[in-house]
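Note sheet for the following structure.
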Amino acid sequence: MNEVSSRIATSALFIALIVVFAHLFQGMLNGINALVIPIAIGIVFVRLKNKDRTLFVLALILTLGFLRPRQLVFMVAYLIIGRFLLQLEAPSLQNRKRTGAHVLVLTLLSMPLYLGSIVLTDLILGTNIFQISMTVFGGAFLKYGSVLLLQSFMISAAQVFLWKRIVKTNVILYKNV
1 MNEVSSRIAT
11 SALFIALIVV
21 FAHLFQGMLN
31 GINALVIPIA
41 IGIVFVRLKN
51 KDRTLFVLAL
61 ILTLGFLRPR
71 QLVFMVAYLI
81 IGRFLLQLEA
91 PSLQNRKRTG
101 AHVLVLTLLS
111 MPLYLGSIVL
121 TDLILGTNIF
131 QISMTVFGGA
141 FLKYGSVLLL
151 QSFMISAAQV
161 FLWKRIVKTN
171 VILYKNV
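Sequential numbering from 1 applies to the sequence shown in this note's numbering.
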C-alpha cells in the first residue's frame, strides 16, 4: 500500500473508532471519550501532514454532524486536547518534573474546555446537562467546578501517562510534525 492510501486508511479507521466511542459512551460515561478520543486524535495527527490533518478534522466533523450531533462541541475540545498531546515531545516526557507540568497544563486546558462544551451543548442543542449537574450539586457551582476539576485532573494524568507509553514504545512509527 502506498503512503497516500495508508494515510487515508488510517484516517478512516480512526474516524470509525471515534464515532463508535462517541456513540457508545454518552452522558455520564463521556469521561471515557474524554480519555480515549484525544489520544486517538494525537496518534492520527502524528501520522498526517498539516493538509491531511485539516481534511481529517473536516471528515470527522461532518461524520459526527450526521451521526452524533450532540458530540460535536465536545469533539472540538477533544481536537484541541489531541493537538496539545501532539506538542509533547519525547525528551520532555522522560523528565518527571515536566510530566507533572504537562498534567497541570492539560488539566487547566481541559477543565474549561469540558465546562464550555457542556454549556455550549446546552445552548446549541437545547440539552440540560449543566442544569441537571447543578441540581445534583444543590446549585453549588463551587462543588460542581471542584468535581469537574478533579475529573479533568484524573483524565489529564491518565492521558499524559498513556501518551508517554505510546511514544516510548514507538506505537507511533513515524512523525510528520
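Yeah, the Cβ is synthetic: ideal placement off N, Cα and C, and Gly gets one too.
Just so you know, these numbers come straight off a predicted model, no measurement behind them.
Where residue i falls: helix, strand or coil (DSSP)
i, result
"I129", "helix"
"R68", "coil"
"G82", "helix"
"A140", "coil"
"Q87", "helix"
"K168", "helix"
"F153", "helix"
"T63", "helix"
"Q26", "coil"
Residue i and residue j closer than 8 Å at C-beta
i, j, result
"I80", "L35", "no"
"V46", "L86", "yes"
"G82", "P38", "yes"
"L120", "V73", "yes"
N- and C-terminal bounds of the alpha helix (DSSP H) containing residue i
i, result
"N2", "Looking at the DSSP string, N2 is not in any alpha helix (DSSP H), and its letter there is neither H nor E."
"G31", "30-47"
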